[in-house]
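Colleague: Quick one: the structure is below, and I'll ask about it shortly.
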Amino acid sequence: MRRYELLKSITPLLTDEEFVICNLGFPSQELYSLRDSDNHFYMLGSMGLSSSIGLGLSMEIDNTVIAIDGDGSVLMNLGTLSTIALEDCKNFILFIVDNGSYGSTGDQPTHTAKGTSLAAIAKAAGIDSSVEVAGADAADKLAQCMKTPGPHVIVAKVEPGSQAMNPIPLTSLAIRDRFREAVKAAQAKT
Amino acid sequence: MSATDVNQALLRDLKANGADFFVSVPCKLLGGFISTLEQDNEITYRAVNREEEGLGICTGAWLAGRKPVIVMQNTGVGTLITSLCSLGLYYRLPFLMVISHRGSPGEPIGAQVPMGTAVETLLQTINIPTYMFSDPSDTKKVGQLVPFTDVAEGPVAAILDYDFWGAR
Ligand SMILES: [Mg+2]
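Sequence lines, in order, name chains A and B. Converting from the first sequence to the working numbering requires adding 735 to each position, the first position being numbered 1. Converting from the second sequence to the working numbering requires adding 4 to each position, the first position being numbered 1.
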């Protein structure tokens, strides 16, 4: 199972009640092709910040926020795990696709391929609900986390590799504005 | 005007102009201002580990309708440049950065001077509107930069030096 098949396994869980921050170009293209929504913020640059954007959003809304992140990206912004722990947002899920590689740059191995456990780091940072699961079990785990108070960190282990995709045919401002409107509509409901 | 008065006036003028969500990475010059932020119940304030993380958290908050300000030392601009470009400028995120100016006159530590000298040029190189303030009576002008971020449709920087706090 690669990231594409993993994302395919979790998209049936998504409704327009959740807000998703998605990390970088390839994962965002894969998610876009599987399921697009105004509730998806495709963060196409700023590697490492999907988790922090998700955190900032979850502080402000009641809906579930899922930040889809990568192993290489989380390794670039480990400090935010401690902030996620301190903030203790019940509606926040950090879903880490751990393929042990920098998928956007040619699948060079990351340190998680050589023994670093992001789930253990997240737990040590203070996020009690931090688990590593096989990619095939990640959808069940995510479904369970969506029903229980977080914050949750799910580290889904998969094989390296990306699905060939076209760029997302949306401008940065279109991604931004439709997402912001969707958040505003959700806030108006609560 | 005492440094405490400056910090209270600065927060008052930022709030009066719509700022309601603050993150900070500490600086000696900002110590008093950070205490002022911590004691204010009307705003959201969080300490963060690094400026990029703060930019990310502010992005999430802005997407939910808040008006964020990033409070940081000028040295943090160095690590923030990439995210300012690929997040702040690419998505045109209207945040104010309130940046203390270490390495400018009044600075006792030589290691601060190279970045203190480079910071304005670095921000101008990536086309961030950048304004320098040296006068304690300028808190109102700094506050007015909050709505100016919407006019500019992107990040704006206010750099406050030792004289702004009467610190030399
Ligand atoms: Mg990876």
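Backbone N, C-alpha and C define an ideal beta-carbon position, used for all residues, glycine too. Note that the coordinates shown come from a computational prediction; the quantities given were computed from them, not determined experimentally.
Report the three-state DSSP secondary structure of Tyr4 (chain B) (helix, strand or coil).
Modeller: Past the boundaries of the shown model lies residue 4 (chain B); chain B is included only from 5 to 172, so the question cannot be answered.
Colleague: As a quick exercise: from B:Asn131, B:Phe152, B:Leu164, pick the residue whose alpha carbon is nearest that of Ser141 (chain B).
Modeller: Minimum Cα distance to Ser141 (chain B) is reached at B:Leu164.
Colleague: Please confirm whether Arg16 (chain B) has its beta-carbon closer than 7 angstroms to some beta-carbon of chain A.
Modeller: Judged by the 7 angstroms Cβ criterion, Arg16 (chain B) is not in contact with chain A.
Colleague: For the beta strand (DSSP E) holding Asp804 (chain A), just list the boundary residues, first then last.
Modeller: Segment 800-805, the beta strand (DSSP E) holding Asp804 (chain A).
Colleague: Return helix, strand or coil for Ile74 (chain B), following the three-state DSSP convention.
Modeller: Three-state result, Ile74 (chain B): strand.
Colleague: For the stretch 68-78 of chain B and the stretch 14-27 of chain B, state whether three or more C-beta atom pairs, one from each stretch, are separated by less than 8 angstroms.
Modeller: Because the criterion of three Cβ pairs below 8 angstroms is met, the stretch 68-78 of chain B and the stretch 14-27 of chain B touch.
Colleague: To the nearest angstrom, report how far apart Asp44 (chain B) and Glu57 (chain B) are at their CA atoms.
Modeller: Straight-line Cα distance between these residues: approximately 22 angstroms.
Colleague: Would Lys892 (chain A) and Asp833 (chain A) be called neighbours here (beta carbons separated by less than 7 angstroms)?
Modeller: Yes; because the gap between Cβ atoms is below 7 angstroms, this pair is in contact.
Colleague: Have a look at A:Glu867, A:Asp872, A:Ile862, A:Met736 and flag the residue whose alpha-carbon is nearest the alpha-carbon of Glu822 (chain A).
Modeller: Residue A:Ile862 is the option with its Cα nearest to Glu822 (chain A).
Colleague: Find the nearest neighbour of Arg96 (chain B) within the set B:Trp66, B:Gly170, B:Ala162, B:Met5, judged by alpha-carbon distance.
Modeller: Comparing Cα positions, the closest option is B:Trp66.
Colleague: Confirm the yes/no value for this check: CB of Gly838 (chain A), any heavy atom of ligand 3, distance under 6 angstroms.
Modeller: With respect to small molecules bound, the structure shown includes ligand 1 and not ligand 3.
Colleague: Just by C-beta distance, which residues in the stretch 847-867 of chain A are closer than 8 angstroms to chain B?
Modeller: Going along the stretch 847-867 of chain A in chain order, one finds no residue with a Cβ nearer than 8 angstroms to chain B.
Colleague: Show which residues of chain A have a CB atom less than 7 angstroms away from the CB atom of Ile61 (chain B).
Modeller: Near Ile61 (chain B) (Cβ distances below 7 angstroms), the residues of chain A are Ser787, Leu790, Gly791.
Colleague: For the stretch 109-128 of chain B, list every residue whose C-beta sits within 7 angstroms of some C-beta in chain A, in sequence order.
Modeller: Cβ contacts with chain A: none found.
Colleague: For the beta strand (DSSP E) that contains Phe26 (chain B), what are its first and last residues?
Modeller: Unbroken beta strand (DSSP E) run through Phe26 (chain B): 25-28.
Colleague: Quick one: does the C-beta of Ser850 (chain A) sit closer than 6 angstroms to a heavy atom of ligand 1?
Modeller: Here residue 850 (chain A) is Gly; the residue named in the question, Ser, does not match the sequence. No.
Colleague: If you reduce the DSSP assignment to three classes, tell me which class Lys743 (chain A) lands in.
Modeller: Reduced to three states, the DSSP call for Lys743 (chain A) is helix.
Colleague: Could you check whether the Cβ of Asp806 (chain A) sits closer than 6 angstroms to any heavy atom belonging to ligand 1?
Modeller: Asp806 (chain A): yes, Cβ under 6 angstroms from ligand 1.
Colleague: What residues in the stretch 33-67 of chain B have a beta carbon less than 9 angstroms from any beta carbon of chain A?
Modeller: Those residues of the stretch 33-67 of chain B that come within reach of chain A (Cβ to Cβ, closer than 9 angstroms) are Thr48, Arg50, Ala51, Val52, Asn53, Arg54, Glu56, Glu57, Gly58, Leu59, Gly60, Ile61, Cys62, Thr63, Gly64, Ala65, Trp66, Leu67.
Colleague: Compile a chain-ordered list of the residues in the stretch 757-780 of chain A whose CB is closer than 9 angstroms to at least one CB of chain B.
Modeller: Cβ contacts with chain B: Phe776, Met778, Leu779, Gly780.
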